[in-house]
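**Q**
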Amino acid sequence: MSDLESFREQTRAWLEENCPQSMRWAPRKRGNPALADDLVWGGKKQTYPNADAKVWLERMAAKGWTAPTWPREYGGGGLDKAQAKILSQEMSAVRAKPPLIGFGLTMIGPLLVANGSEEQKLRFLPEICRGEIRWCQGYSEPGSGSDLASLQTRAVVDGDDYVLNGQKVWTSYADQSDWMFCLIRTDPDVPKHQGITFILLDMQSPGVSVQAIKLISGASPFCETFLDDVRVPRDQVVGAVNDGWTMAKALLGHERTMISDAFSESSERNQLVELARTYIGEDGDGKISDQVVRDKIAQLTMNKVCFDLTVGRTKEAAKIGQQPGPESSIFKYYATELNKDRHSMMVSVLGPQALGWEGEGFEQDELDVTRSWLRSRGNSIEGGTSEVQLNIIAKRVLGLPE
Amino acid sequence: MSDLESFREQTRAWLEENCPQSMRWAPRKRGNPALADDLVWGGKKQTYPNADAKVWLERMAAKGWTAPTWPREYGGGGLDKAQAKILSQEMSAVRAKPPLIGFGLTMIGPLLVANGSEEQKLRFLPEICRGEIRWCQGYSEPGSGSDLASLQTRAVVDGDDYVLNGQKVWTSYADQSDWMFCLIRTDPDVPKHQGITFILLDMQSPGVSVQAIKLISGASPFCETFLDDVRVPRDQVVGAVNDGWTMAKALLGHERTMISDAFSESSERNQLVELARTYIGEDGDGKISDQVVRDKIAQLTMNKVCFDLTVGRTKEAAKIGQQPGPESSIFKYYATELNKDRHSMMVSVLGPQALGWEGEGFEQDELDVTRSWLRSRGNSIEGGTSEVQLNIIAKRVLGLPE
Amino acid sequence: MALILNEDQQLLKQMAGDFVKNESPTSRIRQIRESGDEVGFSRELWGRMAELGWQGILIPEQYGGLGMGYAEMACVLEECGRKLVPEPLLSAVLLGGNAVLLGGNEAQKSELLPKVADGSLLMTLAYQEKGSRYSTSQVKTAATSAAGGYAISGEKVLVIDGHVADKLVVSARTAGVVDDPDGVSVFMVDREAAGVEIVQQTTMHLRNSAIVRLHDVEVGRDALLGAEGAGVALLDDVIDRATVGLAAEMLGGSLEAFEMTLEYLKTRKQFGVLIGTFQALKHRAAEMFVELELGRSAVAGAAQALDSGADDARALVSVAKARVSDLAVLVGYEAIQMHGGIGMTDEHDIGFYLKRARGSELTFGDSAFHRARFATIQGY
Amino acid sequence: MALILNEDQQLLKQMAGDFVKNESPTSRIRQIRESGDEVGFSRELWGRMAELGWQGILIPEQYGGLGMGYAEMACVLEECGRKLVPEPLLSAVLLGGNAVLLGGNEAQKSELLPKVADGSLLMTLAYQEKGSRYSTSQVKTAATSAAGGYAISGEKVLVIDGHVADKLVVSARTAGVVDDPDGVSVFMVDREAAGVEIVQQTTMHLRNSAIVRLHDVEVGRDALLGAEGAGVALLDDVIDRATVGLAAEMLGGSLEAFEMTLEYLKTRKQFGVLIGTFQALKHRAAEMFVELELGRSAVAGAAQALDSGADDARALVSVAKARVSDLAVLVGYEAIQMHGGIGMTDEHDIGFYLKRARGSELTFGDSAFHRARFATIQGY
């Protein structure tokens, strides 16, 4: 038996024994976004959905498998790519939920592994792996919008510290987070893409205040974060001073991939069909009785199939070690536009039953459709607007002149 | 009986007596563009569709009613607005076809009435009224496209003449025309909108050669016109030298109105329905059996209704003496986009029977649908592209910044 | 056709616009939402509207109204739509008032219309049921013969301003089965009648609405509007008229959202320049303008057709509702997108316009419904 | 799934692209049109394609082919589509060849497939009739029993390359009435057989086509492909495969038209600047790029599904044809519009791409047809 085969056997056995039943996906519900509430984001404010969730995280963290490929000395699993793939496959096989998710593992952690100082790695990575700190991202500012490099929050040196003043907006779950990684202007006298530094900020620092932003959907996934003479030790800079844009670009790429990934689950594909059967009805042959609605649902479903196939092309290329091709530039744009179209159509299918906000006369599922629809309108704004995505395609892929 | 009432009675009687039966619209065919072939454009190359057409033109021209509001001394009818309206109403009442159409009556004639020299008026207007000369418009040049002011055809003074060199394209029916009104650069050293002069050119002049441009539809409504040391007397300038742009702007407005007018006939509204009944079929209730097709036809028909109502608003405003409102800025854009959509849908409805170009296997009506569809694609290019129209709306109506 | 406003109409519109701007900014609807105000509008402002005669615009002079038409009503509702004015014009006048005007006998009209016209009586139409979608014949609520009249039982939903209406115009089946176009009758029911239960609903688009439950509610024969069993035709006529009113309101909302967005394009900077300089946004703004002008024409055409009693009025009502439905949603979507992140916040008013746009789209039939209806009317 | 090309496929595609670029520029199709050439393609080039093995790609090795799949066939057809190559691959291999491969018995396959593979036999499918639209069961052509076989009478239209095909695969009704899915049979008919009349058609999209009239054409029992009366299933299978081939060709044509337009945007000046700097055009170009990438995925997905015999192959064929139909028409329309006046002239090649786009759209079902078919397959 090869080393990998024996690793697979051991892993499977360990997972079977250690993954609590309640931490396994129900077969049909996979990909239902409502279930994301069950997942553990970590951090000091984490309240575990149940005791099993905590046990599962502790067991996985002890093996370093919350961050399988990070070095063991930083709390990771020290697995190579082949082993990590096996772990992922075996987790799927037992339908194990991820023990821990969040920006620590997917964004700032990888950046620190690659670009952090040894001190930073030793200080932050083990805490991230154990789910002890939750991170948020402080990029956008009021007025910066799509033009991220125009940010105004300032840091000035004072002894061993930077002193920060300014305001960040659209910080996802800043109110739930312990630390923020942010972009701060450290040199106002150079072109705007220069003079920006990537800084790690303890949200408990004096002068930090956070206010949730309520969205049109009624939910508050984002916050405003005010920085008022906040002192940050200078060793909390990642990368070189004034080289924050380089750091940010890598992470921005991560964010775009995450957002489009979030919509690539195919189990929801036929939710529209189910809604149409319920709200529009079907004819004697089981066809949706309104052919116009049926035509539109078929169009949206085909769009999704084509998108999934396109993602599939990139994944196949990645498997054989190729770089993502030009097709990957469409992911953020198309996934978010498609998601908006799908939600918009769901509201049309519900008809008058989509008019509810809360209270009597509407089922919870109906209220969810309406609020999810409203939330979906932000998809083409956050993480790079659709307009910016089209600009990028026109410039970088098509080479159209400025 | 008021003067107007008696004018109406006399007019009606005269029309009844003098308008040949063959020069009256068949009630159902009104507005069918195929019939435009019956109409008389005038000019030396005119071949009359039948003897009645010639008689009808001569009778109307003798009364000055080919150009009812132009002064009598220039061959017009000398009618005031109220009388002209009555003439128009009475012509409609007997379904009289216009005795004469073309750029002479609708474009260069009105410009000469307003801006021509006395000599020019006496020379050209009577000939226009009698249908003896046909005009074409020489604006566009190769490379000028939407950017009309970039034209390069040059005129230099030589004695009493200008000597012209250059090339015009997209001249509608230059091969059928006797004269061209054109824009020529007379001063290359000033900003491009200046230094342009409006010149009348005899197409028989030595050095003028014309070549028809074949379109993707197979038809050749446009020509290229080459000017090679063409001598034009300086008294054939309209308006001031180097003030051609002012002259052109008035006429360009006319052209845009004409193009949109051409699509505002509503008798074609249900041609799509008839085609769908034939090529798609209907159910037991007489409904188009494919609901998706039916939905699209209803959409296109509604678009047409809304457009007609919008034109109606402008017409009503004009009747009470108001200037056209901002709604008139959408006419060219929307009429052409709608016409394209309608033709595109007609091809879809025909399905495989739209695949013909000529010869066996296809009805003439089917071939006409296909060729008209191809021709329609040019609607949003000629007379100011849709993009230019949107630019104009954004700038002039919405006041968006440059 | 009278597709443009005459001087009187222009004056009416101007005055309505000023009144709305001064007395009912968009902040009102936010305040009402936050306060959880159960009335959901201002009785004082309602009284002042009555002084201006708005409730009486459509009511003939013999019944105390102004005897004007839909062209005038549309002027007022377009302006109200701009600021999402919550006062119950749509329910009291266009639904309730019209039910009496079109369906009532002389006695009913003489008694009720003057009170509608002076604003003292709030009426509304309760015709929708859960699952009935946009149909007037999908009626499960039943009216059975009872001593001296009828006993009505059933549940109506999304009854516009049903939480405050004094009189509810209710559709109920006196014969036939669900979806049968015959056998539906229309009754007036007092909110105070025994067996009437009214539950306020909270809607996404902040349109005051209620569930009306009827438990063996007894009404006399004089509660019947129009002939027994012939209610669908009456309901369709009433809803057609309310639809034109709603379309005018939607046009106003779309214009306001568009103008807010245009203003944003002219003041917001990104990448060092005003975002209104980006040609892609310019073209999209120009396309919205095109749609707005077409929508304006469609509303004017439908209003004019109702006023002149034109044969094609129903077709033009469908044209108008289909057009402004698509228009309002387009503008709502583009407004949010062009505002960017701030447009997604509850704090910014622009979100109200998107919600109202889709809420109104899904009231009295969406554009697909009206395209199908239009095709049917046109015989294909 | 194999959605990306392996090294062999990349090499095949590269070679096909070079061959097409060198041997068959778009000017060929213009020359053929102008000359009125009755053959409509080059037998010499056809022979050289056979040397490259293109006709044999789909044919199993035991019948003299290369035994490759639709992924490989799509590589070649995409490149042919770029230059509107007129040689009869679609008819001879994907229609005619597939009819034998999927419907033939061992004797028929052994006899005919080697000749298809080496290019010596031209076959095609004659299934469309006037008014049959995209249906395989709308068959009026009748085959009645005759001595030793059948006598076939009827008219087929838009038979691709029917003017040169040596053998016509003809659908004819042996039982049932028009539109009955049962009772259609599929026969092979020699072009030289008595009673066969072939009239070349002139199509808008310059696809060589013919009317085939059958006047009591007698064929033997061995002319039957598959079981009598079970022809619709065979026809649908054959046309599915040809549809993927056509979709690949359409993808190629769309790519070429898009690239021509992109080049124009980068070189054409208006108002003193390159028109490719206008953001509105940039965004539209980027949107076309998005559609092209999705179209590429759809074609790859359908080809892969056929190659792997996947259950959802038919659904994916519909996804691919619907996608590239809309894609090709979009690109065709935008290409003309962005080229401006010059794009409207017959002299410029871009018009060929629009014509071919719609011609192919209306062949084997347009996008609406395939959306409806997809929904049916998916059970809704």
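Residue numbers (the numbering used here), protein chains in the order written: chain X, 243 to 644; chain W, 243 to 644; chain Z, 39 to 418; chain U, 39 to 418.
Idealized CB from N, CA, C, for every residue including glycine.
Give a yes or no on whether 8 Å exceeds the smallest Cβ distance from U/L262 to chain X.
**A** Along the fourth sequence, one-based indexing puts residue 262 of chain U at 224. Cβ-Cβ to chain X under 8 Å: no for U/L262.
**Q** On the three-state DSSP scale, how would you describe X/P310?
**A** Here the question's residue 310 of chain X lines up with position 68 in the first sequence. If DSSP states are grouped into helix, strand and coil, X/P310 belongs with coil.
**Q** Got a sec, what are the start and stop residues for the beta strand (DSSP E) U/E193 sits in?
**A** Within the fourth sequence, the letter at position 155 stands for residue 193 of chain U. Residues G187 to I198.
**Q** In chain order, what residues of the same chain lie with their CB nearer than 7 Å to the CB of X/S622, ignoring the 5 residues before and after it?
**A** Your numbering for residue 622 of chain X matches position 380 in the first sequence. Here the set comprises T578, E579, K582 and S628.
**Q** Would the beta-carbon of Z/F225 fall within 8 Å of that of Z/L263?
**A** As a position in the third sequence, residue 225 of chain Z is number 187, starting the count at 1. As a position in the third sequence, residue 263 of chain Z is number 225, starting the count at 1. Result yes, Cβ atoms of Z/F225 and Z/L263 sit closer than 8 Å.
**Q** Taking U/P124 as the reference, give the member of U/D274, U/T64, U/D156 and U/S73 with the closest Cα.
**A** Position 86 of the fourth sequence, counted from the start, is the residue given in the question as residue 124 of chain U. The shortest C-alpha separation from U/P124 is found at U/T64.
**Q** Can a CB atom of chain W be found closer than 8 Å to the CB of U/V237?
**A** Stepping through the fourth sequence from its first residue, residue 237 of chain U is reached at position 199. Yes, U/V237 lies at the interface with chain W (some Cβ there is under 8 Å from its Cβ).
**Q** Taking the straight line between their C-alpha atoms, what separation do you get for W/V432 and W/N484?
**A** Residue numbering aside, residue 432 of chain W sits at position 190 when the second sequence is read from its first letter. Residue numbering aside, residue 484 of chain W sits at position 242 when the second sequence is read from its first letter. Their backbone Cα atoms lie some 10 Å apart in a straight line.
**Q** Is Z/I42 close to chain W? Criterion is C-beta to C-beta, closer than 8 Å.
**A** Mapped onto the third sequence, residue 42 of chain Z falls at position 4. Chain W places a beta carbon closer than 8 Å to that of Z/I42, counting this residue as a contact.
**Q** Measuring straight from C-alpha to C-alpha, what distance separates Z/G74 and Z/L312?
**A** The residue given as residue 74 of chain Z occupies position 36 in the third sequence. The residue given as residue 312 of chain Z occupies position 274 in the third sequence. Those two C-alpha atoms are separated by around 39 Å.
**Q** Is the distance from the Cβ of W/G387 to the Cβ of U/G379 below 8 Å?
**A** Residue 387 of chain W sits at position 145 when you count from the first residue of the second sequence. Residue 379 of chain U sits at position 341 when you count from the first residue of the fourth sequence. Yes. Within cutoff.
**Q** Anything in the region 321–332 of chain Z with a Cβ closer than 8 Å to a Cβ of chain W? List those residues in chain order, please.
**A** H321, A323, A324, E325, F327, V328, E331 and L332
**Q** In chain U, what lies closer than 7 Å to W/V534 by C-beta?
**A** What you label residue 534 of chain W is simply residue 292 of the second sequence in a count that begins at 1. Taking the beta carbon of W/V534 as reference, the chain U residues within 7 Å of it are A406, listed in sequence order.
**Q** I'd like to know if U/K304 contacts chain X, where contact means its C-beta is closer than 8 Å to some C-beta of that chain.
**A** In the fourth sequence, residue 304 of chain U corresponds to position 266, counting from 1. Yes, contact with chain X.
**Q** Whole angstroms is fine: what's the gap from U/G105's alpha carbon to W/P594's?
**A** For this step, residue 105 of chain U is matched to residue 67 along the fourth sequence. For this step, residue 594 of chain W is matched to residue 352 along the second sequence. One C-alpha to the other measures close to 33 Å.
**Q** Measuring only the C-alpha atoms, how far is Z/G107 from Z/Q93?
**A** By one-based count along the third sequence, residue 107 of chain Z stands at place 69. By one-based count along the third sequence, residue 93 of chain Z stands at place 55. When rounded, the distance between both Cα atoms is 12 Å.
**Q** Determine the extent of the alpha helix (DSSP H) in which X/G408 is found, giving its start and end residues.
**A** Taking the first residue of the first sequence as 1, we reach residue 408 of chain X at position 166. Note, X/G408: premise wrong, no alpha helix (DSSP H); beta strand (DSSP E) at D403 to S414.
**Q** From the DSSP output, in three-state form, read off X/W267 for me.
**A** Sequence index remark: in the first sequence, residue 267 of chain X carries index 25 (1-based). Here X/W267 sits in coil by DSSP.
**Q** Closest to U/A261 by CA distance: which of U/L122, U/H386 and U/Q146 is it?
**A** On the fourth sequence, position 223 is the one that residue 261 of chain U refers to. Per the Cα distances, U/Q146.
**Q** Listing by chain order, which chain U residues have their CB less than 7 Å from the CB of X/P643?
**A** The residue labelled residue 643 of chain X in the question sits at position 401 within the first sequence. Result: K304, L312, G314 and T315.
**Q** Give me the chain U residues within the contact set of Z/A318, using Cβ-Cβ distance strictly less than 8 Å, ordered along the chain.
**A** In the third sequence, residue 318 of chain Z corresponds to position 280, counting from 1. Within chain U, the residues near Z/A318 are Q317, A318, K320 and H321.
**Q** Look at the alpha carbon of W/S459 and the alpha carbon of Z/R396, and state the distance between them as a whole number of angstroms.
**A** Looking up residue 459 of chain W in the second sequence gives position 217. Looking up residue 396 of chain Z in the third sequence gives position 358. C-alpha separation (whole angstroms): 42 Å.
**Q** Run the CB neighbour count on U/H201, radius 10 Å, all protein chains shown included, and call it buried at 16 or more, exposed below.
**A** Mapped onto the fourth sequence, residue 201 of chain U falls at position 163. Classification of U/H201: buried, given that the 10 Å Cβ count is 16 or more.
**Q** Bridge partners for W/W657 per DSSP, in chain order?
**A** Since the first residue shown for chain W is 243 and the last is 644, residue 657 of chain W is missing from the structure and cannot be characterised.
**Q** Considering only their Cβ atoms, is the gap separating U/C113 from U/L50 smaller than 8 Å?
**A** As a working mapping, residue 50 of chain U is identified with position 12 in the fourth sequence. As a working mapping, residue 113 of chain U is identified with position 75 in the fourth sequence. Cβ distance < 8 Å, so U/L50 and U/C113 count as in contact.
**Q** Mapping DSSP to helix, strand and coil, what is X/K287?
**A** Position 45 of the first sequence, counting from 1, holds the residue named residue 287 of chain X. In this structure, X/K287 counts as coil in the three-state DSSP scheme.
**Q** Please return the same chain residues whose Cβ sits closer than 8 Å to the Cβ of U/Y371, not counting the five positions on each side in sequence.
**A** On the fourth sequence, residue 371 of chain U is found 333 positions in, with the first residue counted as 1. If we look at U/Y371 and ignore the five residues flanking it on each side, its Cβ neighbours are L392.
**Q** So, are the CB atoms of W/Q394 and W/E466 less than 8 Å apart?
**A** As a first step, residue 394 of chain W must be located in the second sequence, where it is residue number 152. As a first step, residue 466 of chain W must be located in the second sequence, where it is residue number 224. For W/Q394 and W/E466, no; Cβs fall outside 8 Å.
**Q** Quick check: X/D403 and X/P475, are their CB atoms within less than 8 Å of each other?
**A** Reading the first sequence from its first residue, position 161 is the one you call residue 403 of chain X. Reading the first sequence from its first residue, position 233 is the one you call residue 475 of chain X. With a cutoff of 8 Å on beta-carbon distance, X/D403 and X/P475 are scored as near each other.
**Q** Can you check the region 76–124 of chain U for any alpha helix (DSSP H) of at least 4 residues that lies completely inside it and give the ranges in chain order?
**A** 81–90 and 108–120
**Q** Tell me which residues share the same chain as X/S382 and place their Cβ nearer than 6 Å to its Cβ, disregarding the 5 neighbours each side in the sequence.
**A** Mapped onto the first sequence, residue 382 of chain X falls at position 140. These residues qualify, in order along the chain: V411 and W412.
**Q** Given W/R473, which residues of its chain have a CB within under 7 Å of its CB, disregarding the five upstream and five downstream residues?
**A** Position 231 of the second sequence, counted from the first residue, corresponds to residue 473 of chain W. Excluding sequence neighbours, W/R473 sits near D403, V405 and S447.
**Q** Nearest chain Z C-beta to X/T543 closer than 8 Å, yes or no?
**A** In the first sequence, counting from the first residue as 1, residue 543 of chain X sits at position 301. No, its Cβ sits nowhere closer than 8 Å to a Cβ of chain Z.
**Q** So is U/A410 in contact with chain Z if we call contact Cβ pairs under 8 Å?
**A** Locating residue 410 of chain U in the fourth sequence gives position 372, counting from the first residue. No - not a single Cβ of chain Z is within 8 Å of the one on U/A410.
**Q** Examine chain A for any beta-carbon lying closer than 8 Å to the beta-carbon of W/P430, and answer yes or no.
**A** Absent here is chain A; the protein component of the structure consists of chains X, W, Z and U.
**Q** Could you tell me which of W/T348, W/E315, W/L642 and W/T308 sits nearest to W/S330, measuring between CA atoms?
**A** Position 88 of the second sequence, counted from the start, is the residue given in the question as residue 330 of chain W. Selected option, being the one with the closest Cα: W/T308.
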